[in-house]
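2 protein chains.
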Amino acid sequence: MSTADSSEDAVLHWLRRRLAQDPRDSPELRIGHDAALVPRGGPWAVTVDSQIEGVHFLPETPPEVVARRLLAVNLSDLAATGAEPAYAFLALTTPPGFAHRRFFAALLAACESWGVRLAGGDLASHPTTFVATLTLVGRKPPRGRWLRRSGALPGDVLWVGGTLGESAAGYRLLALGARLHRGRVQGLPDLPRSLRGVARKALLRHLAPTPQLALGRWLGRRRRCAAMDLSDGLSRDLRRLARESRVGAEIQLDALPYSQAFAALCRFLEVDPLALALGGGEDYVLLFTLPSGESPPPRFACQAIGEIRAGAAIYTVGNGDRAPLPELGWDHLKPSR
Amino acid sequence: MSTADSSEDAVLHWLRRRLAQDPRDSPELRIGHDAALVPRGGPWAVTVDSQIEGVHFLPETPPEVVARRLLAVNLSDLAATGAEPAYAFLALTTPPGFAHRRFFAALLAACESWGVRLAGGDLASHPTTFVATLTLVGRKPPRGRWLRRSGALPGDVLWVGGTLGESAAGYRLLALGARLHRGRVQGLPDLPRSLRGVARKALLRHLAPTPQLALGRWLGRRRRCAAMDLSDGLSRDLRRLARESRVGAEIQLDALPYSQAFAALCRFLEVDPLALALGGGEDYVLLFTLPSGESPPPRFACQAIGEIRAGAAIYTVGNGDRAPLPELGWDHLKPSR
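If you read the sequences in order, they're chains A and B. So the numbering used here is basically just the index in the first sequence, starting at one, shifted up by 20. So the numbering used here is basically just the index in the second sequence, starting at one, shifted up by 20.
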């Protein structure tokens, strides 16, 4: 890393090189991956993720919403390893007057419903900033394997575990003043009635993502697959999966899972639906590969979006064109949506 | 917890009651304690602690210093369980222009020297705030027991693992403009030459505390002891140990470990040395009890400061007086030094 280059991937690359100098290092011990597997190879997967006011959520977001989202994004990282969630450890930094009771009641209820025990933590105060960091520990299911980003082979089919871009659209709606109140979209009088349903879905995808733990465990029982969690946008995250597997890929633009209603919402938001689907980020669905001919059960509502190719290049194919995958996505060290 | 009462102990009390409603709960799963022991009773101890700019360290503190301190305060929590450190997971939130390379180089070197592997993490950016949260995982040493806050009995001797109040004095020196540069105190021209040595020691105690891991492991091989980490001041932390052990205590003020030189530094700082020793906080030494007649080896430089008593009251004895222990110490939700 040159001092000039402080993008997230550059910092991580430099850090991995430093860690790799240590002969005890193993690929199981990883920064910037979905979760670390300890001791080497398991049986524990550990992940850590922060939710920061003004970065991951808007000021005035109810503490219950932050609590549930904090757990969900961490569970999504565990889902990407195929783990069963077990323990959570919270570091909570809050400004004066913070409603601890509301935050914890929601967090404990969400932990209960996902089978997680809140096992420890640290409380701190800051004059202005609300930061919640959760460390989550999961265990390998009895008959499961750990999922990894590596292992994709040319000819494998590339899948996503759900629709793309909706969370990013939800964030834009919030930034324009939209709020969900008792399940209804409020605060955006301009929003056409016909878009209320898709707007509500987008807000829910952003505020209350559903971690794909069952899909992760199903993938962990496959003979071979590569998998990761889509948090920084398909464009950026697919590059990471391809790099770890030393392969390229081809994405069918027509196959990207988003609806006509979503495209209409994007027109209202004056954003390109394709840009949100490829680079919006915070989708919190799994990106994975399976050998050709194998497919996940319909209950997981997955979508095949392309194919793994030999080489290192990643292309999109659509409208008769073949073009390099655009550089989109979210760099955590250069946040700009 | 009433909404009016949002002190740290009140939040923790409310939270423990909520957790205790869960029949699967065990005393090994703890918030606000030094570390959680998972699965129930071990073999892993997990602790999490944050360092926040403007709260735990002053703005402009070099990233190397923050990195080493972050590791040290977490290691001190592990020391209080008797664990051997194993893995670290970092959540790092930094403002634009942060020197990641300097931070990580120092953190990795410190991890190396304490036998810790940096195994995973998360990088994020915030417009203004620097928050670093470390989750540390330790394992139970082969022949050791876990240390707990409970288990002290009337007649046991109360010990501390080092001097008290120096870290708080160091913080005050920093707030007045003092800096350590190549091991020398600078930036405070008023400071008498005779106080330079003790000021340097106080700054080091604050900036670079030394976790007492070896003492913790030694205590883990005793037949019986209660132990915890002194982070919020003797007054507050002793109350916690006494509550968990359901005992009272008597502290000999004359036995509190601070030097004449420290008292002179406190006169310069216009603070009562006793107030710093009892309530300054961030001492990061162990507070523990041993049965009468047993004492730690001299290499640990521990000091007996009093005795465990039946009942719940905690007294100080000195100058012919016996008085209730003053309510001092640091509440993490109401920070005021």
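Beta carbons are placed, not taken as given, at the ideal position from N, Cα and C, and that holds for glycine.
Show which residues of chain B have a CB atom less than 9 Å away from the CB atom of residue i.
i: Trp166(A); result: Simply none; closest approach about 14 Å.
i: Asp69(A); result: Ala111, Asp142 and Ala144
i: Ala234(A); result: Within chain B, no residue comes near Ala234(A); the closest Cβ sits about 22 Å away, beyond 9 Å.
Would you check if the distance between the CB atom of residue i and the CB atom of residue j is smaller than 8 Å?
i: Ala269(A); j: Leu178(A); result: yes
i: Val68(A); j: Thr153(A); result: yes
i: Gly349(B); j: Pro277(B); result: no
i: Leu227(B); j: Asp303(B); result: no
i: Ala130(B); j: Arg88(B); result: yes
i: Gly171(A); j: Ser265(A); result: yes
i: Ala103(A); j: Arg60(A); result: no
i: Val180(A); j: Cys286(A); result: no
i: Leu223(A); j: Leu196(A); result: no
i: Leu307(A); j: Leu239(A); result: no
i: Gly301(A); j: Ala55(B); result: no
i: Ile271(B); j: Gly313(B); result: no
i: Leu310(A); j: Arg202(A); result: no
i: Tyr107(B); j: Val157(B); result: yes
i: Ile328(A); j: Ala144(B); result: no
i: Phe288(B); j: Leu211(B); result: yes
i: Thr113(A); j: Val151(A); result: yes
So residue i packs on residue j, CB below 8 Å; how close in whole Å?
i: Arg225(B); j: Gly190(B); result: 5 Å
i: Cys245(B); j: Leu167(B); result: 7 Å
i: Ala333(A); j: Pro344(A); result: 7 Å
i: Val66(B); j: Phe109(A); result: 6 Å
i: Gly299(B); j: Ser255(B); result: 5 Å
i: Arg38(B); j: Phe124(A); result: 7 Å
Run down chain A in chain order and give the residues with a C-beta less than 8 Å from the C-beta of residue i.
i: Ile334(B); result: Going along chain A, no residue has its Cβ under 8 Å from Ile334(B), so there is no contact; the nearest lies around 23 Å.
i: Arg38(B); result: Phe124, Ala125 and Leu128
i: Ala275(B); result: Correct list: empty, because the minimum Cβ distance to chain A is about 31 Å.
Within 10 angstroms of the Cβ of residue i, are there 16 or more other Cβ atoms? Answer buried if so, exposed if not.
i: Ser187(B); result: buried
i: Asp274(A); result: exposed
i: Gly236(B); result: buried
i: Ser279(B); result: exposed
i: Arg192(A); result: buried
i: Glu28(A); result: buried
i: Pro43(A); result: Here Pro43(A) scores only 44 on pLDDT, less than 50, and its place in the model should not be relied on; the value that follows carries that caveat. Flag for Pro43(A) reads exposed.
i: Ser70(A); result: buried
i: Asp341(B); result: exposed
i: Pro83(B); result: buried
i: Glu48(B); result: Note on Glu48(B): pLDDT 43, under 50, position unreliable in the model; the coordinate value appears next. Buried.
i: Arg357(B); result: Its pLDDT being 46, under 50, Arg357(B) is placed unreliably in this model, and the value from its coordinates should be taken loosely. When all chains shown are included, Arg357(B) counts as exposed.
i: His76(B); result: buried
i: Asp142(A); result: buried
i: Leu78(B); result: exposed
i: Asp97(B); result: buried
i: Gly217(A); result: exposed
i: Gln232(B); result: buried
i: Ala234(B); result: exposed
i: Pro115(B); result: exposed
i: Gly135(A); result: exposed
i: Pro318(A); result: exposed
In chain A, what lies closer than 9 Å to residue i by C-beta?
i: Trp34(B); result: His120, Arg121 and Phe124
i: Ala222(B); result: Residues of chain A passing the Cβ test: none, with the nearest at roughly 23 Å.
State yes or no: is the C-beta of residue i nearer than 7 Å to some heavy atom of the ligand COA?
i: Leu112(B); result: The ligand COA is not part of this structure, which contains no ligands at all.
Residue i versus chain A: which residues are under 7 Å apart at the beta carbon?
i: Val4(B); result: Outside the displayed span of chain B (21 to 357) sits residue 4(B), for which this structure offers no information.
i: Ala195(B); result: Per Cβ cutoff of 7 Å: no residues; Ala195(B) is ~16 Å from chain A at best.
i: Ala219(B); result: Going along chain A, no residue has its Cβ under 7 Å from Ala219(B), so there is no contact; the nearest lies around 27 Å.
Closer than 7 Å by beta-carbon distance: list the chain B residues that pair up with residue i, in chain order.
i: Val31(A); result: His120 and Leu143
i: Gly155(A); result: Note that residue 155(A) is Thr in the sequence shown here, rather than Gly. The contacting residues are Val68, Phe109 and Thr155.
Please list the partners that residue i has in chain D, where partner means a Cβ-to-Cβ separation under 8 Å.
i: Ala247(B); result: This model lacks chain D altogether, as its protein chains are A and B.
Taking beta-carbon pairs under 7 Å, can you tell me which members of the stretch 54-66 of chain A lie near chain B?
Within the stretch 54-66 of chain A, Ala55, Ala56, Val58 and Val66 place their CB atoms closer than 7 Å to a CB of chain B, listed in sequence order.
Members of the stretch 103-133 of chain A that neighbour chain B once the beta carbon cut-off is set at 9 Å:
Per Cβ criterion, the list reads Ala106, Tyr107, Phe109, Leu110, Ala111, Leu112, Thr113, Thr114, Pro116, Gly117, Phe118, Ala119, His120, Arg121, Phe124, Ala125, Leu128 and Glu132.
Using a Cβ-Cβ cutoff of 8 Å, what residues of the stretch 278-310 of chain A are near chain B? List them in chain order.
Listed in sequence order: no entries.
Interfacial residues, the stretch 80-99 of chain A to chain B, with Cβ spacing under 8 Å:
Going along the stretch 80-99 of chain A in chain order, one finds no residue with a Cβ nearer than 8 Å to chain B.
Of all the residues that make up the stretch 316-346 of chain B, which are near chain A by a beta-carbon distance shorter than 7 Å?
Per Cβ criterion, the list is empty.
Give me the subset of the stretch 169-201 of chain A whose CB atoms are less than 9 Å from a CB atom of chain B, sorted by chain position.
Shown here is that no member of the stretch 169-201 of chain A has a Cβ falling below 9 Å from a Cβ of chain B.
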